[in-house]
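Numbering (our numbering), first residue to last: 130 to 341.
Ideal Cβ placement from N, Cα and C applies to all residues, glycine included.
Since this is a predicted model, take the numbers as computed values, not measurements.
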């Protein structure tokens, strides 16, 4: 999902040399991956109030303001730095809109997946779509997609987040470990545990085993 890190490093060097034109290429290169990351994490209440494209633009503006600091001290790969800014911004947005709406929630609603059932499900459906499928096979795919969405939303927040990072953002295990602040071994174990829980929720039906 995220652009190739080596190519991004080359572009960052151009930013230092060329300035504005290279910056524009850098932001455009990351705009769509950032949009997808945000779509997977907008909750229903916030999605009704803000547009994901506006959130992307606000995140890119923040990143642009901090870019010089990052170039002086690149503490992590660029895409992880950018998604960290996006994550913090979304937390602030959720809090601000909840206060504005005067909603009292029993617990902090997860940023990880509520919108997955809506717009993000269309992204998943596009990934699953195969023009060569027979009508019966296409119906089965849609049913599997629905079951997967439902199962994903039943996971605990931490489990759901690691599934999204690994399988939708396609972050490496090392990247996930950096984002979570744990060792790669611990990140790998969390991922496996999340997949086991997801499989348990899905159940060992014959149709699901046939797709494994």
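In three-state terms, what does DSSP make of residue i?
| i | result |
| --- | --- |
| residue 233 | Low confidence applies here, because residue 233 scores a pLDDT of 49, under 50, leaving its location unreliable; read the following figure in that light. In this structure, residue 233 counts as coil in the three-state DSSP scheme. |
| residue 166 | helix |
| residue 205 | coil |
| residue 285 | coil |
| residue 141 | helix |
| residue 277 | helix |
| residue 310 | coil |
| residue 304 | helix |
| residue 171 | coil |
| residue 131 | coil |
| residue 179 | coil |
| residue 146 | helix |
| residue 332 | coil |
| residue 187 | helix |
| residue 299 | coil |
Looking at residue j and residue i, is the spacing between their C-beta atoms short of 8 Å?
| i | j | result |
| --- | --- | --- |
| residue 309 | residue 292 | no |
| residue 179 | residue 145 | no |
| residue 154 | residue 132 | no |
| residue 331 | residue 295 | no |
| residue 306 | residue 298 | no |
| residue 141 | residue 211 | no |
Using a Cβ-Cβ cut-off of 7 Å (strictly less than) and excluding sequence neighbours within five positions of residue i, which residues of its own chain qualify?
| i | result |
| --- | --- |
| residue 185 | 160, 163, 164, 167 |
| residue 143 | 151 |
| residue 316 | 302, 305, 306, 309 |
| residue 225 | none |
Sorted by chain position, which residues of the same chain lie with C-beta nearer than 6 Å to residue i's C-beta, five sequence neighbours on each side aside?
| i | result |
| --- | --- |
| residue 250 | Only weak support exists for where residue 250 lies, its pLDDT of 45 falling under 50; the value from the coordinates is given anyway. Around residue 250: 278. |
| residue 287 | none |
| residue 218 | 188 |
| residue 130 | 162, 298, 299 |
Can you list, in chain order, the residues of its chain with a C-beta nearer than 8 Å to that of residue i? Leave out the 5 residues immediately preceding and following it.
| i | result |
| --- | --- |
| residue 148 | none |
| residue 214 | 188, 191, 192, 195 |
| residue 285 | 326 |
| residue 347 | Limits of the chain in this structure are 130 at one end and 341 at the other, which puts residue 347 out of reach. |
Check your understanding: Counting Cβ pairs, one atom from each stretch, are 3 or more of them under 8 Å apart for the segment 133-149 and the segment 200-209?
Key -> yes
Review point. Is the segment 316-335 in contact with the segment 294-307, if contact means three or more CB pairs nearer than 8 Å?
Key: yes
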